[in-house]
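**Student:** Mapping of the sequence shown onto this note's numbering: position 52 corresponds to residue 47, and the numbering continues sequentially without gaps.
Here's a structure for you.
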Amino acid sequence: MLAAALRSLPENQVRALVLHDGAGHSISEVATEMKVPEGTVKSWLSRGRAAAAKAMNSSESTAKEGHASY
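Written as C-alpha cells, this is what we have:
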C-alpha cells in the first residue's frame, strides 16, 4: 500500500520523504542533497505525507468495499 502511494507522488516529494523519513537525514541535509532551500524540503515533506496518507486511506477504503461481509 505504501509503495503504491509513493508511486502516485511527484519524484521530488518521494525523494525528500525517502531521504528524510526513510534514511533519517535532517531537513538541512536533504536540502543540500537536493540543492533546494530548506523551506522547499519542508513543503515537499508536508505535501508528500498528506498525499500519501490520502492515497493509502483511499486504497484501504476501496479494498474494504471489495470484500464481502460474512
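Note that the Cβ used here is the ideal one computed from N, Cα and C, for glycine as well.
Quick one: using the 10 Å Cβ neighbour count with 16 as the cut-off for buried, is Leu(-3) buried or exposed?
**Tutor:** Reading the sequence shown from its first residue, position 2 is the one you call residue -3. By the neighbour-count rule (16 or more Cβ atoms within 10 Å), Leu(-3) is not buried but exposed.
**Student:** I'd like the list of long-range same chain contacts for Leu4, defined as Cβ closer than 6 Å, with 5 residues on each side in sequence excluded.
**Tutor:** To locate residue 4, count along the sequence shown from 1; it is residue 9. So the qualifying residues of the chain are Gly43, Ala46.
**Student:** Please state the DSSP three-state secondary structure of Leu1.
**Tutor:** Taking the sequence shown and counting its residues from 1, one reaches residue 1 at position 6. In the structure shown, Leu1 sits in a helix (DSSP, three-state: H, G or I).
**Student:** Thinking C-beta only, is Val36 closer than 7 Å to Ala26?
**Tutor:** Counted from its first residue, the sequence shown places residue 26 at position 31. Counted from its first residue, the sequence shown places residue 36 at position 41. Yes, they are a contact pair.
**Student:** Between Met29 and Ala18, which are expected to be in contact by the criterion C-beta below 8 Å, what is the C-beta distance as a whole number of angstroms?
**Tutor:** Within the sequence shown, the letter at position 34 stands for residue 29. Within the sequence shown, the letter at position 23 stands for residue 18. That belief does not hold up - the Cβ atoms of Met29 and Ala18 are roughly 13 Å apart, past 8 Å.
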